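Worksheet: one structure, shown below.
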Amino acid sequence: MSNELMVLCLTAASIGFLHTILGPDHYLPFTVMSRARKWSMKKTVFITILCGIGHIMSSVVLGFLGVVFGISIMKLEALEAFRGNLAAWAFIGFGFTYFIWGVHKALKNKPHKHVHIHDGVFPHSHDHSHNQEHAHVHDQGEKKSLTPWILFTIFILGPCEPLIPILMYPAAKNSISGLLLVTGIFGSVTIITMLGVVVISSYGVSFARFGKLEKYTHALAGGTICLSGMAIQFLGL
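All residue numbers for the sequence shown refer to this note's numbering, where the first residue is 3 and numbers rise by one.
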């Protein structure tokens, strides 16, 4: 390995870590949605990894196309900037919509009584509100949610800004194997950092008890995602 390639590898690892830590959109959505929707840690990890791969691969594919077809860095940077704006507004839109839905759900949630009759006999009733967990004998399993796929789509739109100009193009001048190595290091460090922050924060948040505000967890999750999108769009995070 040449000294130049070694420097690029170290740079890839450093940028991958800092790029992730300094970008709240890389971990906050998973932490707050995991808490609001009561995802298991296994599901949270799976969704984080899936979105991380989509996030990285979109820029990797674009970068490889640029290298193969000789597209100028300026054109690719302009496209990445457009994708970044699109992803930021998608975060803002999704977060705001989810916030409104969460507020509506919280205000609509009033204690009420359910009466059930099983096998034609033995009626039973119970009082509850829909933000509280309760068991029904006739439950048919967990409802499918589009939320993970919405997050996945937004992360595909979101670019890894430093990957192409700072890492992929310089590595391509060294060799194809160097290009693959540098890209692999950047992607691996990015996903591992995302996963580490999400797992630690999700574990910590799982102990939080909001009391009467518990019914507003969906609204809080949506508001957090909306604010993270605004931080990207207006603060350049």
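Just so you know, even glycine gets a beta-carbon here, dropped at the ideal spot from N, CA and C.
Nothing here was measured: the structure is a model prediction, and the numbers come from that model.
If you reduce the DSSP assignment to three classes, tell me which class Arg211 lands in. In the structure shown, Arg211 sits in coil (DSSP, three-state: anything other than H, G, I, E or B).
Can the beta-carbon of Phe101 be found closer than 7 Å to that of Cys228? Their beta carbons are under 7 Å apart, which means Phe101 touches Cys228 by this criterion.
Which whole-angstrom value describes the C-beta separation of Leu197 and Thr50, a residue pair presumed to lie in contact below a C-beta threshold of 8 Å? Correct: roughly 6 Å between the Cβ atoms.
Which residue comes first and which comes last in the alpha helix (DSSP H) that contains Arg39? That residue, Arg39, is in no alpha helix (DSSP H); it is neither H nor E in DSSP.
Buried versus exposed call for Leu10 [16 or more other C-beta atoms within 10 Å across all chains shown]: With a threshold of 16 other beta carbon atoms within 10 Å, Leu10 meets it and is buried.
Might you give, ordered along the chain, the residues of its own chain that have their beta carbon closer than 6 Å to the beta carbon of Gly180, omitting 5 neighbours on each side? Within the same chain, Cβ atoms closer than 6 Å to the Cβ of Gly180 are found at Leu7 and Ala173, the five residues on either side in sequence being excluded.
Candidates Val105, Ile158, Trp41 and Ile202, of which the one nearest Tyr218 by Cα: When Val105, Ile158, Trp41 and Ile202 are compared, the shortest CA-CA separation from Tyr218 is found for Val105.
So within the region 49-123, which uninterrupted alpha helix (DSSP H) runs reach at least 4 residues, ignoring any that extend past its ends? Listed in chain order, the alpha helix (DSSP H) runs fully inside the region 49-123 are 75-110, counting runs of at least 4 residues.
Less than 7 Å between the C-beta atoms of Leu64 and Phe154, yes or no? Between Leu64 and Phe154, the C-beta spacing is not below 7 Å.
In terms of residues, what are the limits of the alpha helix (DSSP H) holding His21? Run containing His21: Asn5 to Ile23, per the alpha helix (DSSP H) assignment.
May I have a chain-ordered list of the beta strand (DSSP E) segments no shorter than 3 residues that lie completely inside the region 157-232? Within the region 157-232, there are no complete beta strand (DSSP E) runs of at least 3 residues.
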